[in-house]
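Working notes, beginning with the structure itself.
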Amino acid sequence: MARLIDATTAAHLAAALPDAVARLVAGELVAFPTETVYGLGARADQAGAVAKIFTAKGRPSDHPLIVHVADVAGASAFAAELPLVAQRLMAAFWPGPLTVIVPRRAGIGAEAAGGQDTVGLRCPDHPVALALLRAAADAGVPGVAAPSANRFGRVSPTQAAHVASEFEAEPDLRVLDGGDCAVGIESAIVDCSRGHPVLLRPGRLTVAEIEAAAGEPLRARDATAPRASGTLEAHYAPQAKVRLMTAAQLDAALTVWASSGNKPSSAAPTLAVYSRSRRPAVAGVVLHRMPGDAAAVAHELFAVLRTLDATRAPLIWVETPPPLPEWDGVRDRLQRAAAA
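Mapped onto the working numbering, the consecutive letters of the sequence shown carry residue numbers 3 to 342.
Here you go:
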């Protein structure tokens, strides 16, 4: 199993950093926490190191990775230019849960970018991630490519234990344990490479917040947009089949379910439900109450999906989030999970 390294205190982090940095320098993988999810990292400037990420995850090599840097200045190693709108967004939200896609500097990061001439850059807002990136930069690693630390297409990890369970057959992997991720869903991604900002993936930040910082409206994604991490139709999926329903649809479906003779086996329930509305207990159904606050749901979403999946229920029914801007990131992840 992957080895967990305690980095939850300053003393533990200081003790863990030299080995983690040495591994990155040598082109090896290191998993680490960010404020969004845990990342599976390798130095982004070496093709062989980046290839290990794709192999470990089972991820297509043309599906781009996000390059994590220690600060705005660190972005210049990978960016051919930083358009003004990207500079505004970086100034407003870095470190934080926002990725900007900009023209890629020739000769660096091609493999991390999935072969494109653009690259996604982010500066994470987590003390472990920032300490690792700064120490790595001092050691000659300009940036760390790091998708979510899970098998491709599956539920993202927000705890170190999630990473260890995903890569239990990888005994050489080191996982820096920095506690639970505060945000809980991946960063918003804004393409700044084509003259006007385009939202490619929602996150915790709302469209209004991003537009206010950008100084102009976000445009809709079109067919010419760069490929971006986490934007495939089916993604973030547990083993169980996820189905989204309105509250009324969920009530009706549970009524039918309860009267249809579905019986729990001795080994597993027949159904798991994640909903904001309180519902009466039903035999064979695991009920998990969803918070009414979007940020609270984002924080727990992937952990809850993992918990419900662990019951071995073959179905997870989820109450569709409200059609409000602050729920866009959560709704996006659930829609992609249901599409799997």
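Backbone N, C-alpha and C define an ideal beta-carbon position, used for all residues, glycine too.
request  = Label E113 either buried or exposed according to how many other C-beta atoms from any shown protein chain fall within 10 Å of its C-beta, with 16 as the threshold for buried.
outcome  = Position 111 of the sequence shown holds residue 113. With 16 or more Cβ atoms within 10 Å of its Cβ, E113 is classed as buried.
message = Using the Cβ count rule (16 or more neighbours within 10 Å means buried), how would you classify H301?
response = To locate residue 301, count along the sequence shown from 1; it is residue 299. Buried is the call here.
message = If contacts are defined as beta-carbon pairs under 8 Å, then A297 and R206 qualify, I think. What distance do you get, rounded to the angstrom?
response = Within the sequence shown, numbered from 1, the residue matching residue 297 stands at position 295. Within the sequence shown, numbered from 1, the residue matching residue 206 stands at position 204. Going by Cβ atoms, the distance from A297 to R206 rounds to 7 Å, so yes, they are a contact pair.
Residue burial classification, E328 (beta-carbon count within 10 angstroms, cutoff 16) = Locating residue 328 in the sequence shown gives position 326, where the first residue counts as 1. When all chains shown are included, E328 counts as buried.
inquiry  = With a threshold of 8 Å between beta carbons, is P240 in contact with chain B?
reply    = The chain labelled as chain B is not found in the depicted structure, where only one protein chain is given.
query = Roughly how far, in whole angstroms, is the beta-carbon of P35 from the beta-carbon of G180, given that I think they are within contact range, below 8 Å?
reply = Within the sequence shown, numbered from 1, the residue matching residue 35 stands at position 33. Within the sequence shown, numbered from 1, the residue matching residue 180 stands at position 178. The pair is a contact, with the Cβ atoms about 4 Å apart (cut-off 8 Å).
task = Kindly indicate which three-state DSSP category R61 falls into: helix, strand or coil?
result = Residue mapping note: residue 61 aligns to position 59 of the sequence shown, counting from 1. R61 falls in the coil class under three-state DSSP.
task = Could you please give the first and the last residue of the uninterrupted alpha helix (DSSP H) stretch that includes A33?
result = Translated into positions along the sequence shown, residue 33 becomes position 31. Careful: A33 lies outside any alpha helix (DSSP H), inside the beta strand (DSSP E) at V32 to P35.
message = Residues in the same chain with beta-carbon distance under 7 Å from S189, minus the five sequence neighbours each way, listed in chain order, please.
response = As a position in the sequence shown, residue 189 is number 187, starting the count at 1. Result list for S189: T38, P99, L100, T101, R124 and G205, in chain order.
ask   = Since I7 is in the beta strand (DSSP E), which residue starts that stretch and which ends it?
value = In the sequence shown, counting from the first residue as 1, residue 7 sits at position 5. I7 -> beta strand (DSSP E) spans R5 to D8.
request  = State the Cα-Cα distance for the pair P62 and D21, rounded to the nearest angstrom.
outcome  = For this step, residue 62 is matched to residue 60 along the sequence shown. For this step, residue 21 is matched to residue 19 along the sequence shown. The straight-line gap from Cα to Cα measures roughly 29 Å.
key: Where A147 falls: helix, strand or coil (DSSP)   = Locating residue 147 in the sequence shown gives position 145, counting from the first residue. Residue state, collapsed to three classes: strand.
ask   = Measuring CB to CB, does G117 end up less than 8 Å from V71?
value = Residue mapping note: residue 117 aligns to position 115 of the sequence shown, counting from 1. Residue mapping note: residue 71 aligns to position 69 of the sequence shown, counting from 1. No; because the gap between Cβ atoms is not below 8 Å, this pair is not in contact.
inquiry  = Rounded to whole angstroms, what is the Cα-Cα separation between G50 and R25?
reply    = Here residue 50 refers to the residue found at position 48 of the sequence shown. Here residue 25 refers to the residue found at position 23 of the sequence shown. Spanning the two alpha carbons is a distance of roughly 13 Å.
key: Close-in-space but distant-in-sequence residues of the same chain around A1 (CB under 7 Å, 5 per side omitted)   = Because the chain here runs from 3 to 342, residue 1 falls outside it and cannot be looked at.
task = Compute the Euclidean distance between the alpha carbons of R308 and Q89, then round it to the nearest angstrom.
result = Within the sequence shown, residue 308 is the residue found at index 306, counting from 1. Within the sequence shown, residue 89 is the residue found at index 87, counting from 1. So the two alpha carbons sit approximately 37 Å from each other.
ask   = CB K59 to CB R153, shorter than 8 Å?
value = If you number the sequence shown from 1, residue 59 lands on position 57. If you number the sequence shown from 1, residue 153 lands on position 151. Yes, the pair counts as a contact, with Cβ atoms nearer than the cut-off.
request  = Per DSSP, which residues does R124 bridge with? Please list them.
outcome  = In the sequence shown, residue 124 corresponds to position 122, counting from 1. DSSP, once it has assigned bridges, lists H70 as partnering R124.
query = When the distance is taken between beta carbons, is L256 closer than 8 Å to R281?
reply = By 1-based counting over the sequence shown, the position of residue 281 is 279. By 1-based counting over the sequence shown, the position of residue 256 is 254. In contact: R281 and L256 (Cβ atoms closer than 8 Å).
inquiry  = If we require 3 or more residues per run, which beta strand (DSSP E) segments fall completely within the region 138-191?
reply    = 176-179
message = For the beta strand (DSSP E) containing G43, name the first residue and the last one.
response = Sequence index remark: in the sequence shown, residue 43 carries index 41 (1-based). Segment Y40 to R45, the beta strand (DSSP E) holding G43.
message = Assuming contact is defined by CB atoms lying nearer than 8 Å, are R338 and Y238 in contact in what I supplied?
response = Position 336 of the sequence shown, counted from the first residue, corresponds to residue 338. Position 236 of the sequence shown, counted from the first residue, corresponds to residue 238. Yes. Within cutoff.
task = Counting only the same chain and skipping the five closest in sequence on each side, list residues whose C-beta sits under 6 Å from that of V87.
result = If you number the sequence shown from 1, residue 87 lands on position 85. Excluding residues within five positions, the ones whose Cβ falls inside 6 Å are C194, P199 and A216.
ask   = Between H198 and the ligand GTP, is the CB less than 7 Å from at least one heavy atom?
value = In the structure on display, the ligand GTP does not appear, and there are no ligands present to speak of.
request  = Can you grab the Cα-Cα spacing for the pair T10 / A33, in whole Å?
outcome  = The residue labelled residue 10 in the question sits at position 8 within the sequence shown. The residue labelled residue 33 in the question sits at position 31 within the sequence shown. Spanning the two alpha carbons is a distance of roughly 14 Å.
task = Please report the residue range of the beta strand (DSSP E) in which V244 lies.
result = By one-based count along the sequence shown, residue 244 stands at place 242. Residues K243 to M247.
query = Helix, strand or coil: how does DSSP classify H290 here?
reply = Looking up residue 290 in the sequence shown gives position 288. In this structure, H290 counts as strand in the three-state DSSP scheme.
message = Under DSSP, the beta strand (DSSP E) around P105 begins and ends at which residues?
response = Translated into positions along the sequence shown, residue 105 becomes position 103. That run of the beta strand (DSSP E) goes L100 to P105.
query = Does the beta-carbon distance from V121 to F80 come in below 8 Å?
reply = Reading the sequence shown from its first residue, position 119 is the one you call residue 121. Reading the sequence shown from its first residue, position 78 is the one you call residue 80. Yes, the pair counts as a contact, with Cβ atoms nearer than the cut-off.
query = Between L317, P324 and P323, which lies nearest to A342 when the distance is taken from Cα to Cα?
reply = Here residue 342 refers to the residue found at position 340 of the sequence shown. In this structure, L317 is the residue among L317, P324 and P323 with its C-alpha nearest to the C-alpha of A342.
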